Structures are given as C-alpha cells and as structure tokens.
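What follows is a short report on a single structure.
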Amino acid sequence: MAKEPDLASLAPPAVIAREDLELAAAIVLASGALAALGCAICLSNAVVAGGFGLVYLPLAAVINAADRAQVGRIQHALAAVDFAPRADEAMRRFLGARAEPGASGLGATEVELVVIGYGFAPLPSGHACFFLDSRLRVTRGGGAPSEDAIVLGPFRRSDDAPPPHCSSRSALDSGDGQETRLAAEESAEILAAIAASRLAESL
Amino acid sequence: MSRALALALAVSLCACVHAQVRSDARGVEPSTYVAIPSRLERSVGLLRRLALPPLELEASPTNPSYCLGPCESAAFAAELDSDARRFLSDWRGYEAVDVEATPGLDELARWARSTDDDEPPEPLRMLAQRIAASSRSDGVALLQSELVYLTWFDGVAWYATLTFAIPISMARIGTWLEADVFDARTGRRVWHSRLRAAGTPGTDKSRDLVNELFDGLELALPLVLTRPLP
Numbered sequence: 008m009a010k011e012p013d014l015a016s017l018a019p020p021a022v023i024a025r026e027d028l029e030l031a032a033a034i035v036l037a038s039g040a041l042a043a044l045g046c047a048i049c050l051s052n053a054v055v056a057g058g059f060g061l062v063y064l065p066l067a068a069v070i071n072a073a074d075r076a077q078v079g080r081i082q083h084a085l086a087a088v089d090f091a092p093r094a095d096e097a098m099r100r101f102l103g104a105r106a107e108p109g110a111s112g113l114g115a116t117e118v119e120l121v122v123i124g125y126g127f128a129p130l131p132s133g134h135a136c137f138f139l140d141s142r143l144r145v146t147r148g149g150g151a152p153s154e155d156a157i158v159l160g161p162f163r164r165s166d167d168a169p170p171p172h173c174s175s176r177s178a179l180d181s182g183d184g185q186e187t188r189l190a191a192e193e194s195a196e197i198l199a200a201i202a203a204s205r206l207a208e209s210l
Numbered sequence: 046m047s048r049a050l051a052l053a054l055a056v057s058l059c060a061c062v063h064a065q066v067r068s069d070a071r072g073v074e075p076s077t078y079v080a081i082p083s084r085l086e087r088s089v090g091l092l093r094r095l096a097l098p099p100l101e102l103e104a105s106p107t108n109p110s111y112c113l114g115p116c117e118s119a120a121f122a123a124e125l126d127s128d129a130r131r132f133l134s135d136w137r138g139y140e141a142v143d144v145e146a147t148p149g150l151d152e153l154a155r156w157a158r159s160t161d162d163d164e165p166p167e168p169l170r171m172l173a174q175r176i177a178a179s180s181r182s183d184g185v186a187l188l189q190s191e192l193v194y195l196t197w198f199d200g201v202a203w204y205a206t207l208t209f210a211i212p213i214s215m216a217r218i219g220t221w222l223e224a225d226v227f228d229a230r231t232g233r234r235v236w237h238s239r240l241r242a243a244g245t246p247g248t249d250k251s252r253d254l255v256n257e258l259f260d261g262l263e264l265a266l267p268l269v270l271t272r273p274l275p
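Residue numbers (my numbering), protein chains in the order written: chain A, 8 to 210; chain B, 46 to 275.
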C-alpha cells in the first residue's frame, strides 16, 4: 500500500537562501545593463542617422549645386559660339570652293539655312553628344520652296551626317569649355558642308 | 566552385576599366580621297577608310575543358570584333573595310603588343601597307584581345594554399584589349590604345569595353568633306 506524502515537508522554506538572492540580483543587474546597452545603441543609432542626415543632405545639396554649375558653364561656353554666322560663313566658303569655272552658280536661287535648335544630349553612359536640327530651304525662280532636314545627333541623324561629337561632361567643362566650343564650331562647319553638298548636287 | 565564381564576380565588379591611349599622327595623309579644305582639324581621323582584319585572339587556357566555369572565348571575341566595327563606323565615322586574315598578321600583332616603338620592322611595315593597298584603305586598324580565365589548376592551388592563392588567380585573369592604327602610306603605327578589364572575361559587356578602348580615337573626317581622287 502506497505511503501518504508528507505535505508539511513540501512547503516552501520561509527564508530564501542567500545564494538564490545573489543569483536573482545578478540576473536583474545583467538585464538592467543589457537594457541600458540597448538604449545606448538606440540612442547612438539615432545620433548616427541624424549625423548621416546632417552630412548627406548638405553634401547632396553641394553635389547638386556643383552639377548645376557645371551644366551652366557648358551652356555658357556653348552660347559664346556664334553658331549661325559661322555656319553662314562656312557655307559661302564651301559653295565658292565647289563652284565650277564657268558655272552659273546659284543664280536666282534663294537659300535659307534655318537652325531650329542645337545643344548637348546626355547619354546613359554619362557622356553628352552634340545635336543639331536644321532645315535647308531652297527657292528657285520664285517657285515654291523645297525644304530638306539636316539632323546631327546621337539618336537620329541624316544619312550624309557624320556621328556627333560626344564627350564626358567633365571634358566638355574642362579648359574653360574648350571642348564644348570645339564641338559647336565643328558642327557648324559640318552643317555648312552638308548644306553646300546638297545644294551642289541639286544644281 | 560557386564560391570561387562569386568571388571572381565580386572582384570583377570592383574593377576599373581605363584605356591607355598614345597617338603620334604627324604628317598623316589620306590615300583614297582628297580632303576638302575646312576648319576641321584631323590627324588619325584623316584615315577615314580603315581596313579591319579579324580580331587576333589569344585565350588561356587554350583547352576550354581546363576552365573553372564556362569560358566561351570564341563567342566573346566575335562579340568584341563586331562591336568594334560597329563603334568605329557608327560613333567615330570611319569606313570599316572587312579584310581577311593575312599570313604574318599574327607577327604584326605580336610586335604591336610588345613595343612602344611606332616604327615596325620593314617586313611588318610592308605587310600593313599591303593590307591597306589591297583593300584600298587609308590605314589598317588591328584589334587584338587576350582572354585569361580561371582554370582547375587555380582551384587546386586555392585548396592547397588554404585560399591564399586566390589573389594571384584574380591578378592573372582578365580581358586585355588592344587596338593599333597603321598609316597606309608609311606603314607606321599612328594610334594605340590598350585596356585591361579585371575579372572573368565576359563579365563586362563587350560593347562597354570597345567604347572605352576607342574613346580616345578622334572622329573621322566627314564624308561630305572629301572628294574622290582625280
């Protein structure tokens, strides 16, 4: 027959042992320290994030301003080129050179070279290419004018147009925009050469 | 092996590709046309009609079965070759004339690779002139590439050295590209560009490598500013 358990002997001790108290205190202290560390990490994260914000936001603003200044300098260099007079002078030069001795030349023909727009088109690679859109209008003997497009550019160009002048933005900006001016001046020369060539063929 | 490939990829992503360009095109004149006087200044760009033999390729290892991972050197070389032709005509305005491989071309390629001197020995100078003359070109553009892949021997070395050999393998592999332009009249080298892309060949797009290789090449003289020879 089973013996009845002595319930009195299972009752908790009235006094907690010193070792157990020390263990509990150690656990509490360790938890507190970890909690404090957690708070410190959170705080430092907030400081670091704030610091990043403080550093990166002005840095982004500076980079953006530098970028805009660079574009401004390229635009300025481009605007300094007398594009239309250059193209006009070059076309007269090419037409003069192409005129055959004894040929009647253009005679009563009115030639108009209309530059619709030009500039630099950015490429995904970070380079920028010169583009130009223009029309060659020819009116003969008071008849209806004929119009012919002359297009230079990285994405679309006339069959008789060469590839455009492409450079990195830093190259276009360097040397006081020397590369930018060169691209524009060469393109004016090429535009004139194409126009003169088409006129010579049509005569 | 996948770890090794991942490492190779990581190294190649860090790689910086930049071409070293050298040019001495003084006194260059076209052979196939007359330039119409203009304000465009051109030197190498006067050689607007360029004979282009097929790309000279050297691949390592020569036996593809030794490669650690895929190595399709022939396919990548073909891509480089066609991208180079396309870039020269579409973005630089040269008339790229396809010519067949000629005996002695490998010697010219070896000479171009080995020296900074622009005056080839007489037989090679004559070879360049002959290629240009037979294709009625103003010059010859020689394109060559060396593709070095990881091999099983690299893998063995990594295990044997507890991966200490990995940097050596990484320094060894890569894509070397070189382009040289020879003047048809003199047979002299007038333009040179060389680049190295680290990492497994084919990691960088061939088009990007070719663009970088020829980035320093000036635009050809536009066709409208030329006249046929009298």
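Don't be surprised by glycine CBs; every beta carbon is placed ideally from N, CA and C.
Keep in mind that this is a model prediction, so the values were computed, not measured.
Return the CA-CA distance between residue i and residue j, expressed in angstroms with no decimal places.
i: A:R205; j: A:A135; result: 28 Å
i: A:A67; j: B:H63; result: 27 Å
i: B:I211; j: B:D199; result: 8 Å
i: B:E124; j: B:G244; result: 18 Å
i: B:G72; j: B:E263; result: 16 Å
i: B:R137; j: A:P170; result: 6 Å
i: B:A229; j: B:D183; result: 5 Å
i: B:L54; j: B:L85; result: Confidence at B:L54 is low in this model, with a pLDDT of 47, below 50, so its placement is unreliable and no value can be given for it.
i: A:P108; j: A:F101; result: Because A:P108 carries a pLDDT of 46, less than 50, the predicted location of this residue cannot be relied on, and the following value inherits that uncertainty. Going from the Cα of A:P108 to the Cα of A:F101 covers about 14 Å.
i: A:G79; j: B:P275; result: 48 Å
i: A:V145; j: A:S153; result: 5 Å
i: A:R147; j: B:P267; result: 28 Å
i: B:V185; j: B:D143; result: 10 Å
i: B:A154; j: B:Q189; result: 7 Å
i: A:I157; j: A:A191; result: 15 Å
i: B:M171; j: B:S76; result: 15 Å
i: B:Y204; j: B:L240; result: 31 Å
i: A:G184; j: A:S174; result: 12 Å
i: A:A172; j: A:R188; result: Checking the displayed sequence, the identity of residue 172 of chain A turns out to be His instead of Ala. Cα to Cα, A:H172 sits roughly 11 Å from A:R188.
i: B:L35; j: B:T220; result: Since the first residue of chain B shown is 46 and the last is 275, residue 35 of chain B is not available in this structure.
i: B:L92; j: B:Y139; result: 8 Å
Name the residue from the options whose alpha carbon lies nearest to the alpha carbon of residue i.
i: A:A195; options: A:I81, A:L85, A:Y63, A:A43; result: A:L85
i: B:L95; options: B:G247, B:K250, B:G232; result: B:G232
i: A:D140; options: A:G150, A:P129, A:R163, A:E119; result: A:R163
i: A:I201; options: A:V55, A:R99, A:P65; result: A:R99
i: A:G103; options: A:L210, A:D180, A:A203; result: A:A203
i: B:G247; options: B:F259, B:C112, B:L192; result: B:L192
i: B:V255; options: B:P148, B:R131, B:F209; result: B:R131
i: B:L128; options: B:R234, B:K250, B:Y78; result: The question names Leu, yet the displayed sequence has Asp at residue 128 of chain B. Closest by alpha carbon: B:K250.
i: B:D135; options: A:G126, A:Q82, A:P161; result: A:P161
What residue range is occupied by the uninterrupted beta strand (DSSP E) comprising residue i?
i: A:I123; result: 116 to 129
i: A:S132; result: Here A:S132 belongs to no beta strand (DSSP E), and DSSP marks it neither H nor E.
i: B:S68; result: 65 to 68
Looking at the strands, I want to know which residues DSSP matches up with residue i.
i: B:A80; result: B:T271
i: B:L100; result: Beta-bridge pairing links B:L100 to no other residue.
i: A:D140; result: A:G124, A:V158
i: B:A224; result: B:L188, B:S238
i: A:S175; result: A:H134
i: A:T146; result: A:E117
i: B:L95; result: B:A141, B:G184
i: B:T196; result: B:C112
i: B:S105; result: B:V193
i: A:S153; result: A:V145
Along the alpha helix (DSSP H) that carries residue i, what are the first and last residues, could you check?
i: B:E167; result: 167 to 179
i: B:L132; result: The sequence shown places Phe at residue 132 of chain B, rather than the Leu named in the question. Residues 118 to 135.
i: A:L41; result: 25 to 86
i: B:E145; result: Neither: B:E145 is in no alpha helix (DSSP H) and is coded neither H nor E.
i: B:V255; result: 251 to 258
i: B:W217; result: Rather than Trp, the amino acid found at residue 217 of chain B in this sequence is Arg. First-last of the alpha helix (DSSP H) with B:R217: 211 to 217.
Could you tell me whether the segment 91 to 105 of chain B touches the segment 116 to 128 of chain B, where touching means 3 or more Cβ pairs closer than 8 Å?
-> Yes, they touch.
Answer yes if the segment 201 to 216 of chain B comes into contact with the segment 169 to 183 of chain B, meaning at least three C-beta pairs across the two stretches below 8 Å, and no otherwise.
-> no
With contact counted as at least three CB pairs below 8 Å, one residue from each stretch, are the segment 149 to 163 of chain B and the segment 124 to 138 of chain B in contact?
-> no
Any contact of the segment 46 to 53 of chain A with the segment 86 to 98 of chain A, i.e. 3+ C-beta pairs under 8 Å?
-> no
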